[in-house]
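So the sequence shown is numbered by our numbering: it starts at 171 and just counts up by one.
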Amino acid sequence: MRPDLLEKVSGKAEFISDVSIDGMAFGKVVRSTEPHARIIGMDVSLAEQADGVVCILTGADIDLLTQTDWGLFYEDRPVIARDRVRYVGEPVAVVVADTQAGAEAASRLVAVDYEPLPICATPEQALAGDSPLLHDDFRPISDFYFKGTARGKAGTNVFQDYLLERGDVDSAEHSAHRIFEHSYSFPGIAHFAMEPHCAIARFDHAGLTVWSGAQSPTAVQKVLARVFGLPIARVRVIVPYVGGGFGGKASVKIEPLVAAAARKAGRPVKVLLSAEESMLTCRRLGARITIRTAVDAQGAILSRTGDIVMDGGAYADTGPAVALKSAHRLVGPYRLPNLRIRARAVYTNTVPGAAFRSIGGPQAVWATESHMDEIAAELGEDPVDFRSRHLLQRGDAVIDNLRPLDVDPAVMMDAAVEATTKGHNRASRGLALAVTDPGILPVAGAIVRVHADGSVEVRSMSVEIGQGVRGVLQRIVAETLSQPLEVVHILDPDTASAPYDWGTGASRSSMIMGLAVEKAAEDAVSKLFALASEVFELETTAISLAPGGLDIGDRSVSFRDLFHAAHGIDSGDVMGQASITPRSFDGKLAQAPLFWETAAAACTVSVDPETGVVALDTYAGVADIGRALNRPAAEGQEEGAAVQGLGHALFENLIFDEGQPMTAMPLLYRVPRLSDIPADWTTVLIENGDGLGPMGAKGMGEGGILGMAPAIANALARDHGVRLRDLPMTPERIWTALSARKTHAS
């Protein structure tokens, strides 16, 4: 049972939006209504006179800040807009009041005058030679862990231009028997977590304390220290339960803005966004991807080129990494002797792009797996057979200089095919495969503390965002210490008491933090044995673990008795500590990626020809996870990811019209419902115990999102004769394609 289960189902769990502290005021953000404009005036006088208003933060309050702009790859994002706005929804003021209702009412009294500027509404406009520049220069951040991977082009809107090459594509194409080229589009997608973004900030004599729903508390700590000119040690970030993240709460989002409001107010300030505001805070990057593949007379792939253009929105955020990873993930689990993939991310006057489950993966896999089926159809070959003769094998190189492949794609594909073939025509099934290199930084620390009463506390920076990481860490510690699960308690992440960790994301927590807590628990065991050996004058070989204490020779000793014998009092503790670095385990963690997260998906669908509504009839998802540390949670992660992929495939689309968001509200934004999920659903977890993580585990939780959209598109093409290349595959698009096919046939 998950350690957070009873708290959550009983309503006792405290999420970030539930947190309240003494003296707290409430902030409401005033947002730009223009996609690109100069702020030529702002009148806050009426708002300042409203009942209960404490203060109003605006761009004029730069004296509160040591550094006015922040970012991850580039310092391109103002804490609050000063003289210019770059997207609809950008914060231009924060009204702080004694009550939430008071702040909301007063925020409607703030009047802002804008002078509209030319906009870049789409990536195509952003790339045009006469396009307006959203940013005058690029200011790379020198100590970000992806240092040097952002390649912005001065004098343009291109903030990432990454090239992945091997072999000689030109020669391969020159000798090719046939060349296939297709283009695919992928829209911007909202994270749509159950709990919107929320943060509380307080300045006092100790410095700055922030309660946040951040997936990366240490990243928030570092950025806040810079913005306010504080030592990192004087910035504390605490993260309680978080109601979903999916990457939308990774790195830093609203925390600098909330902290600036608290500094001006002189008291703690809480800002809780609405669902609509969260949709205006960040999104998955949209993309247009063109793939060209050359084959010989036998249909063997000679080369592949890819051109990826990603819509990064108004600020770069994690966009440079998303574009880079999209290039890697366009390769797929295939032998491609010659390769040239260019991935660009551009600024547009839309909501900023950000990390989202498997960064760059769904966009790339949508394109490459649709493309593979289209080639097979043109060659008159079964898609399974076509893939089979191009599949990589375990130990092969996916990308030069990266870790060799640690899975068997053929085994995964066969499992997905078998699960969806029973009772169904093989020709009606859609298939998709994927292989991704998670951007894991193998740096994490943990503390495991054994108390005299037998209880155990675990301090780490892994954030529980619903994925079940607390249960995984609890199990690892309990098994290492040979203690019951219920005595192990996972504390909230707190930068004041837990060691450094990069963050919760990229399928890394079970693996990297799992290793850290395992080593910390082992350190605690060593210290317990050393203490018992000293006190009872026995060799450590005569000591073993037992529930609530130790077996020493022929008798059992509780932890309380051990500490009493050692210290003369019935209290005390032993603290185990550990850190994971690339040098750990004789350098086995130094080569990226630490594992390849792979996926196989297969499905069958039915379509109502009168309406174009598609239904998923059967679905099978396969993941190679090394070892399931908590099987129900692992299955839930894979299935939850696939359901998100179903939303990407059929429903979700953040539509912008000349920079104006048209669907950024729950009423207009369709996400999957329970009724969309078929009863015939199979999840296959392959466990070989061959991962580098605890008990042979690999990371997991993102692969499930990758294959759904192309599998559905491929099923539509094979069984219903229509090929869609633009997501989402809405009823209108499907009906139009069916009608066109019918007209053409007649």
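Idealized CB from N, CA, C, for every residue including glycine.
So what does DSSP say about residue i, is it helix, strand or coil?
{"i": "Thr606", "result": "strand"}
{"i": "Phe350", "result": "strand"}
{"i": "Ala691", "result": "helix"}
{"i": "Glu285", "result": "strand"}
{"i": "Met212", "result": "strand"}
{"i": "Val854", "result": "strand"}
{"i": "Gln468", "result": "coil"}
{"i": "Phe706", "result": "helix"}
{"i": "Leu427", "result": "helix"}
{"i": "Thr460", "result": "strand"}
{"i": "Thr203", "result": "coil"}
{"i": "Thr711", "result": "helix"}
{"i": "Leu176", "result": "helix"}
{"i": "Phe398", "result": "helix"}
{"i": "Met745", "result": "strand"}
{"i": "Gln330", "result": "strand"}
{"i": "Ser473", "result": "strand"}
{"i": "Arg645", "result": "helix"}
{"i": "Leu917", "result": "This structure leaves residue 917 out entirely; the chain is present only between 171 and 916."}
{"i": "Gly322", "result": "coil"}
{"i": "Leu304", "result": "coil"}
{"i": "Arg753", "result": "coil"}
{"i": "Gly615", "result": "strand"}
Have a look at the DSSP bridge pairing and note the partners of residue i.
{"i": "Ser726", "result": "Asp721"}
{"i": "Asp552", "result": "DSSP, once it has assigned bridges, lists no residue as partnering Asp552."}
{"i": "Phe943", "result": "Coverage of the chain is limited to positions 171 through 916, which leaves residue 943 absent and any answer about it impossible."}
{"i": "Trp118", "result": "For residue 118 there is no data in the structure shown, the boundaries of the chain being 171 and 916."}
{"i": "Tyr118", "result": "Residue 118 is absent from the structure shown; the chain starts at 171 and stops at 916."}
{"i": "Cys225", "result": "Val266"}
{"i": "Gly600", "result": "Cys773"}
{"i": "Ile359", "result": "Arg454"}
So residue i packs on residue j, CB below 8 angstroms; how close in whole Å?
{"i": "Gly723", "j": "Leu708", "result": "6 angstroms"}
{"i": "Thr388", "j": "Tyr670", "result": "6 angstroms"}
{"i": "His659", "j": "Val639", "result": "Not quite, the Cβ-Cβ distance comes to about 14 angstroms (not below 8 angstroms), so this is no contact."}
{"i": "Ser652", "j": "Leu715", "result": "4 angstroms"}
{"i": "Ala291", "j": "Phe356", "result": "With 8 angstroms as the limit, Ala291 and Phe356 do not qualify as a contact, their Cβ atoms being about 17 angstroms apart."}
{"i": "Asn508", "j": "Ala342", "result": "4 angstroms"}
{"i": "Leu235", "j": "Phe398", "result": "7 angstroms"}
{"i": "Ile459", "j": "Tyr354", "result": "5 angstroms"}
{"i": "Thr451", "j": "His367", "result": "6 angstroms"}
{"i": "Gly719", "j": "Leu732", "result": "7 angstroms"}
{"i": "Leu799", "j": "Ile646", "result": "7 angstroms"}
{"i": "Leu786", "j": "Leu816", "result": "7 angstroms"}
{"i": "Ala369", "j": "Ile408", "result": "11 angstroms between Cβ atoms; not a contact."}
{"i": "Tyr257", "j": "Pro205", "result": "6 angstroms"}
{"i": "Val282", "j": "Ile209", "result": "6 angstroms"}
{"i": "Ala267", "j": "Ala195", "result": "6 angstroms"}
{"i": "Asp487", "j": "Thr518", "result": "The pair is not a contact, with the Cβ atoms about 13 angstroms apart (cut-off 8 angstroms)."}
{"i": "Leu572", "j": "Pro779", "result": "In fact, because the Cβ distance is near 46 angstroms, the residues do not count as touching under 8 angstroms."}
{"i": "Met681", "j": "Gly863", "result": "4 angstroms"}
{"i": "Ala217", "j": "Val223", "result": "6 angstroms"}
{"i": "Gly926", "j": "Gly796", "result": "Missing from the structure shown is residue 926; the chain here goes from 171 to 916 and no further."}
Is it right to say residue i is buried, meaning 16 or more other beta carbons lie within 10 angstroms of its own, or is it exposed?
{"i": "Pro288", "result": "exposed"}
{"i": "Ala691", "result": "buried"}
{"i": "Arg201", "result": "buried"}
{"i": "Pro438", "result": "buried"}
{"i": "Leu304", "result": "buried"}
{"i": "Met899", "result": "buried"}
{"i": "Leu611", "result": "buried"}
{"i": "Met364", "result": "exposed"}
{"i": "Arg678", "result": "buried"}
{"i": "Thr711", "result": "exposed"}
{"i": "Ala271", "result": "exposed"}
{"i": "Arg278", "result": "exposed"}
{"i": "Glu902", "result": "exposed"}
{"i": "Ala602", "result": "buried"}
{"i": "Ala376", "result": "exposed"}
Compute every distance between the C-beta of residue i and the non-hydrogen atoms of the ligand SAH, then say whether any falls below 8 angstroms.
{"i": "Gly738", "result": "As presented, the structure is devoid of all ligands, the ligand SAH included, so that no description of it is given."}
Can a CB atom of chain C be found closer than 9 angstroms to the CB of residue i?
{"i": "Arg840", "result": "Considering every chain present, this structure includes no chain C. It has just one protein chain."}
Check your understanding: What runs of the alpha helix (DSSP H), each 4 residues or longer, lie entirely inside the segment 823-908?
Key -> Segments of the alpha helix (DSSP H) lying fully in the segment 823-908: 878-890.
Exercise for review: Jot down the residue ranges of each uninterrupted alpha helix (DSSP H) in the segment 476-562, minimum 4 residues, whole runs only, in chain order.
Suggested key: Runs found: 489-499, 531-549 and 553-558.
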